[in-house]
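Engineer: Residue numbers (my numbering), protein chains in the order written: chain A, 1 to 324; chain B, 325 to 648.
After the structure tokens below, expect a handful of questions from me.
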């Protein structure tokens, strides 16, 4: 079993060494640019890990791992246009550095490049891998559309929210692990269990992210506390609070969601106060635990030696408790 | 050999019967909408024709033909955003009817759907088909980027222009025919020759389009004469004229390219006058003939019975002379 740090270094090197044609400049430069911004590159490393887990040759998983990284960055490039985001990983976004047309078209070209990299798998598993990849891509598009539609709605249900984060972020983690497993020679059953592990872990991770935004240690978390509150982002916490709040608490939430001029500290304190009174943190942690349990349950069913299972369990534990 | 009209009816029915998931509404409704706008649907019919040409089962080519139609409409959806086009086939464009974000994301989802349809080919030809499809998609993205970059330039060379139309429009025709041929059981050599036939025919067709804009019979052509001239579009004619013009003609072109307020009839007449003095129509027709000859030359080398070759020759003849 290779260590994740080693796999991470392999895949980071491969991303850094990627080159694209010089012409047309405005099609390919933005691709190199967004890939150079770094990011954690956790997903491609996990694809190698999944392959290694079943005794596969990780060299054969590098191009598919690049496919996942290129695909993920394609979705970021298009998401940034839609969100009118000025910055990505602290650097100017493609649609700001060039323009929206360049970002649309370079994103399209990235998706084709991602497909080409994924096609490098052996013939024997080509269809299985591409089917997972295409289903994953559909899920990510659906999740992004649902997320955008939430901005116009104040009656989002918890189940709708959970479905959205499953599609928007968790299926990519699940799909990444499943593709790695298939390349590594896993049985269909084990590949599907690893998918389930990844999807449930991804949902738990996103719920943790929602909790950390309000209750995280800002130094460990690395983000401004209450960023989601300030932007009225429909997180698990806000949706649950809107569901449970009555009387003064409901009025207070309505007020802070609609007021356009405010003192940031005051808004974060007031909304957090509502959350505290409604015990929202506990609800969110329970939900997170439910998905974590489902992930570990899937993991327990995979046909793996105990040390490999332990390795994955530890990876998941680290992911889920690191930032409080 | 099935008639093109019959194949066209088959594929049009298949397009009309396409359904997509109901949810998320704003992801899938725009896909159904743009596909319902019609268009000639010539490309998917040609994919069936190419399959039939080599004795293949056209039923097996229907889903790949849908892939081509969905892919083509994905590029139109994104191109319309980039061009800020209000109308497509006389109907309101997706980014105007919904908004640009919806058009970006629905376009992305369409590309995934196109890939899924193309994946329906048999395992034995899956990689060959997908490789052609991906190369085609890359070409179309490159062509669109080069076309956009031309808007900012006044020194475009004829060879750059020919390369642009090859990528932006001709490789899709070539790729469509090649995929149909592979499905139909053609040898690699014959599939490649049919690709060459399609690409060269596509370039000839685009050059004809450039000529018809200025010299076509408006009743047969179905478009306003001089539309390209009015929008300063860099066509073969304009690029060649800019290359050849001296003295008064050069000044006149510069004037009409830069003036923002003008009488349309006057501008079309003046620019056409320059074209006439420089014999631009002949240059363009010679170029068109060169590509038509290359197409027929490729056709002559394909291992086909004489009646099938004649059928394709007639198809190409019809495409290239219909609208004067």
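Ideal Cβ positions, reconstructed from N, Cα and C, are used throughout, including at glycine.
Computed from a predicted structure; not experimentally measured.
Hey, would you say residue 10 (chain A) sits closer than 8 Å to residue 48 (chain A), going by beta carbons?
Structural biologist: In contact: residue 10 (chain A) and residue 48 (chain A) (Cβ atoms closer than 8 Å).
Engineer: Looking at the C-beta of residue 470 (chain B), does it have a partner C-beta in chain A at a distance below 8 Å?
Structural biologist: At least one chain A Cβ lies under 8 Å of residue 470 (chain B).
Engineer: Alpha carbons only, please: which of A:70, A:231 and A:44 is nearest the one belonging to residue 58 (chain A)?
Structural biologist: Cα-wise, what sits closest to residue 58 (chain A) is A:44.
Engineer: Residues of chain B with CB closer than 7 Å to the CB of residue 141 (chain A), please, in chain order.
Structural biologist: Neighbours of residue 141 (chain A) on chain B, chain order: 351, 429, 432, 433 and 436.
Engineer: Can you pull the chain B neighbours of residue 126 (chain A), defined as C-beta to C-beta under 7 Å?
Structural biologist: 450 and 451, listed in chain order.
Engineer: Do residue 608 (chain B) and residue 560 (chain B) have their beta-carbon atoms positioned less than 8 Å apart in this structure?
Structural biologist: Cβ atoms of residue 560 (chain B) and residue 608 (chain B): closer than 8 Å.
Engineer: Would residue 439 (chain B) pass as an interface residue toward chain A - the criterion being a Cβ-Cβ separation below 8 Å?
Structural biologist: True, the Cβ-Cβ gap to chain A drops below 8 Å.
Engineer: In the DSSP assignment, the alpha helix (DSSP H) including residue 555 (chain B) goes from what residue to what residue?
Structural biologist: Run containing residue 555 (chain B): none; DSSP gives neither H nor E here.
Engineer: Which stretch, first to last residue, makes up the alpha helix (DSSP H) that contains residue 626 (chain B)?
Structural biologist: No alpha helix (DSSP H) contains residue 626 (chain B), which DSSP labels as neither H nor E.
Engineer: Ignore the nearest five residues each way along the sequence and tell me which others in residue 200 (chain A)'s own chain have a CB closer than 6 Å to its CB.
Structural biologist: Same-chain partners within the cutoff: 291, 294 and 295.
Engineer: Nearest chain A C-beta to residue 461 (chain B) closer than 8 Å, yes or no?
Structural biologist: Taking Cβ atoms only, chain A reaches closer than 8 Å to residue 461 (chain B), which makes this a yes.
Engineer: For residue 157 (chain A), which of helix, strand or coil comes out of DSSP?
Structural biologist: Three-state result, residue 157 (chain A): coil.
Engineer: Step through the CB atoms of chain B and report whether any lies within less than 8 Å of the CB of residue 101 (chain A).
Structural biologist: Yes, its Cβ sits closer than 8 Å to a Cβ of chain B.
Engineer: Tell me the DSSP secondary structure of residue 91 (chain A) in three-state form.
Structural biologist: If DSSP states are grouped into helix, strand and coil, residue 91 (chain A) belongs with the strands.
Engineer: Could you name the residues of chain A that residue 672 (chain B) contacts, counting a contact when the two beta carbons are closer than 7 Å?
Structural biologist: It is not possible to answer for residue 672 (chain B), since the shown part of chain B is limited to 325 through 648.
Engineer: Does the CB of residue 405 (chain B) have a neighbour CB from chain A at under 8 Å?
Structural biologist: Answer yes: the Cβ-Cβ gap between residue 405 (chain B) and chain A drops below 8 Å somewhere.
Engineer: For residue 635 (chain B), which residues of its own chain have a beta-carbon under 7 Å away from its beta-carbon, when the five flanking residues on both sides are left out?
Structural biologist: The answer, listed in chain order, is 325.
Engineer: Since residue 539 (chain B) is in the alpha helix (DSSP H), which residue starts that stretch and which ends it?
Structural biologist: Residue 539 (chain B) -> alpha helix (DSSP H) spans 512 to 539.
Engineer: Quick one: Cα of residue 323 (chain A) to Cα of residue 473 (chain B), how far?
Structural biologist: Residue placement at residue 323 (chain A) cannot be trusted, given a pLDDT of 49 that sits under 50; the coordinates are not used to answer.
Engineer: Am I right that residue 94 (chain A) and residue 108 (chain A) are in contact with their C-beta atoms under 8 Å? What's the rounded C-beta distance?
Structural biologist: Going by Cβ atoms, the distance from residue 94 (chain A) to residue 108 (chain A) rounds to 12 Å, so no, they are not a contact pair.
Engineer: Determine the burial state of residue 106 (chain A): buried for a count of at least 16 other Cβ atoms within 10 Å of its Cβ, exposed for fewer.
Structural biologist: The residue in question, residue 106 (chain A), is buried, as its Cβ has 16 or more Cβ neighbours within 10 Å.
Engineer: Between the stretch 14 to 26 of chain A and chain B, which residues of the former have a C-beta closer than 9 Å to a C-beta of the latter?
Structural biologist: Against chain B - using a Cβ distance shorter than 9 Å - the residues of the stretch 14 to 26 of chain A are 21, 23, 24, 25 and 26.
Engineer: I'd like to check one pair, residue 439 (chain B) with residue 116 (chain A): are the Cβ atoms closer than 8 Å?
Structural biologist: Taking 8 Å as the Cβ cut-off, residue 116 (chain A) and residue 439 (chain B) do not qualify as a contacting pair.
Engineer: By the criterion of Cβ-Cβ separation under 8 Å, what are the contact partners of residue 154 (chain A) in chain B?
Structural biologist: Correct list: empty, because the minimum Cβ distance to chain B is about 18 Å.
Engineer: According to a CB-to-CB cut-off of less than 7 Å, which residues of the stretch 355 to 371 of chain B neighbour chain A?
Structural biologist: Listed by position along the chain: nothing, the set is empty.
Engineer: Where residue 533 (chain B) and residue 585 (chain B) are concerned, what is the direct C-alpha to C-alpha distance, given to the nearest angstrom?
Structural biologist: Taking the straight line from one Cα to the other gives about 26 Å.
Engineer: In chain order, what residues of the same chain lie with their CB nearer than 8 Å to the CB of residue 475 (chain B), ignoring the 5 residues before and after it?
Structural biologist: Taken in chain order, the residues that qualify are 558.
Engineer: Buried or exposed: which applies to residue 448 (chain B), given that a residue is buried once 16 or more other Cβ atoms fall within 10 Å of its Cβ?
Structural biologist: Under this definition residue 448 (chain B) is an exposed residue.
Engineer: What do you reckon, are the CB atoms on residue 301 (chain A) and residue 126 (chain A) nearer than 8 Å?
Structural biologist: Cβ distance not < 8 Å, so residue 301 (chain A) and residue 126 (chain A) don't count as in contact.
Engineer: Nearest to residue 195 (chain A) by CA position, among A:227, A:154, A:255 and A:129, is which residue?
Structural biologist: Measuring from the Cα of residue 195 (chain A), the nearest candidate turns out to be A:129.
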